[in-house]
Amino acid sequence: MVANACAEIRGIVFDLDGTLYVCDRYAAEIHAEAVGYIAALMQISTAEAGLIMAATRLRLVEESGTVPTISAVCTGLGGNGPDLHRVFLQKLRPEAYLVRDERVIRLLKRLAEKFTLAIYTNNNRALTARIMNCLGLDGLIAHIFTIDDTWRGKPDEEMVCRVLAALKLSPEEALFVGDRYDVDLRVPEQLGCPVYLSQHLEQLLRLEELISRSGITPSAGISATPADRTVKEPKSPLDF
Ligand SMILES: [Mg+2]
Numbered sequence: 001m002v003a004n005a006c007a008e009i010r011g012i013v014f015d016l017d018g019t020l021y022v023c024d025r026y027a028a029e030i031h032a033e034a035v036g037y038i039a040a041l042m043q044i045s046t047a048e049a050g051l052i053m054a055a056t057r058l059r060l061v062e063e064s065g066t067v068p069t070i071s072a073v074c075t076g077l078g079g080n081g082p083d084l085h086r087v088f089l090q091k092l093r094p095e096a097y098l099v100r101d102e103r104v105i106r107l108l109k110r111l112a113e114k115f116t117l118a119i120y121t122n123n124n125r126a127l128t129a130r131i132m133n134c135l136g137l138d139g140l141i142a143h144i145f146t147i148d149d150t151w152r153g154k155p156d157e158e159m160v161c162r163v164l165a166a167l168k169l170s171p172e173e174a175l176f177v178g179d180r181y182d183v184d185l186r187v188p189e190q191l192g193c194p195v196y197l198s199q200h201l202e203q204l205l206r207l208e209e210l211i212s213r214s215g216i217t218p219s220a221g222i223s224a225t226p227a228d229r230t231v232k233e234p235k236s237p238l239d240f
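Each residue of the sequence shown is one higher than the last, beginning at 1 in the numbering used here.
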């Protein structure tokens, strides 16, 4: 579907983890807790669980041609979202790793004056709230869609449609911003949304300039390029 190139952006839908913050040490903790969950589930050592998860991840990449989320890897090994997120909620400590970045806070405050802002994340609502608090972003983003709303994890076309409907935005009016093309951006782009791949804070901080300079549309050159889609997975290959 080709979106209307003249349409104006009215809303921005951000991924959370790896997009509004980047923290390799916290990503490592997420990975460790997911490994611990699978180890307990399968009654194997964490070393074995790590190897099995890596192999499962590779198999899912080969089967689907896209990079799976950590949730998909765990589900592929017999786990389930609610149990995995119960572990995450109990054990993850975003407060130990994440700090405010005044540049991001100022960016979102400015964007909130012009656009409807939303977060659409595979994280759960309680952890999302704690992370937003750590980042100093409380109250800046009015609409938050989390995995435990429906347990339909990204990527999911129906959920993208629900997000657009809830925000009262047509696809060409909603810019999706995320750090993983396969997880965050592929489906919105296929539906006609403009998309922006952001994997570093410097990229995130350029967003306002890019919007104001070009008017972001799928045909205006800001959408993820073919190269983005194939080579730019984040350094920490994890997403809830
Ligand atoms: Mg992410």
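Positions of the beta carbon are idealized from the N, C-alpha and C atoms, including for glycine.
Nearest-angstrom beta carbon gap, residue j and residue i [assumed within contact, 8 Å]
| i | j | result |
| --- | --- | --- |
| L175 | Y196 | 6 Å |
| T19 | V177 | 6 Å |
| Y26 | P94 | 6 Å |
| A39 | A32 | Not confirmed; about 10 Å, so no contact. |
| S198 | L204 | 5 Å |
| G79 | L117 | The Cβ separation is near 32 Å, so there is no contact. |
| L127 | L92 | 6 Å |
| P171 | I9 | That belief does not hold up - the Cβ atoms of P171 and I9 are roughly 11 Å apart, past 8 Å. |
Top-ranked residue by Cα proximity to residue i, from the options
| i | options | result |
| --- | --- | --- |
| V73 | P82, A54, Q90, R86 | A54 |
| L137 | I44, Y21, Y37 | Y21 |
| F14 | C134, F115, L92, A39 | F115 |
| D17 | R86, R180, L117 | R180 |
| G36 | T150, L77, L60 | L77 |
| E158 | M132, L191, L169 | L191 |
| T150 | R86, N122, Q90 | N122 |
| A28 | A96, R86, D182, P188 | A96 |
| H200 | V61, G153, D101 | D101 |
| L60 | T46, A47, T75 | T75 |
| L169 | D182, T46, R152, P188 | P188 |
Residue i and residue j closer than 8 Å at C-beta
| i | j | result |
| --- | --- | --- |
| I30 | G81 | no |
| L107 | C23 | no |
| E208 | R110 | yes |
| D184 | I70 | no |
| F88 | I119 | no |
| G11 | L167 | yes |
| L84 | A142 | no |
| L58 | V104 | no |
| P155 | R130 | no |
Where residue i falls: helix, strand or coil (DSSP)
| i | result |
| --- | --- |
| Y97 | coil |
| H143 | strand |
| V13 | strand |
| G81 | helix |
| I44 | coil |
| V67 | coil |
| F176 | strand |
| P218 | At P218, the pLDDT of 42 sits below 50, so the modelled position is not reliable; the number obtained from the coordinates is stated separately. P218 falls in the helix class under three-state DSSP. |
| L58 | helix |
| V252 | Any answer about residue 252 is impossible in this case: the structure gives the chain only from 1 up to 240. |
| T150 | helix |
| L197 | strand |
| L92 | coil |
| L117 | strand |
| K109 | helix |
| L207 | helix |
| D133 | Checking the displayed sequence, the identity of residue 133 turns out to be Asn instead of Asp. In this structure, N133 counts as helix in the three-state DSSP scheme. |
Within-8 Å CB hit, residue i to chain C
| i | result |
| --- | --- |
| A40 | Reference to chain C is not applicable here, since this structure consists of a single protein chain. |
For ligand 1, residues whose Cβ lies under 7 Å from any non-hydrogen atom:
D15, L16, D17, G18, T19, G178, D179, R180, V183, D184, D239
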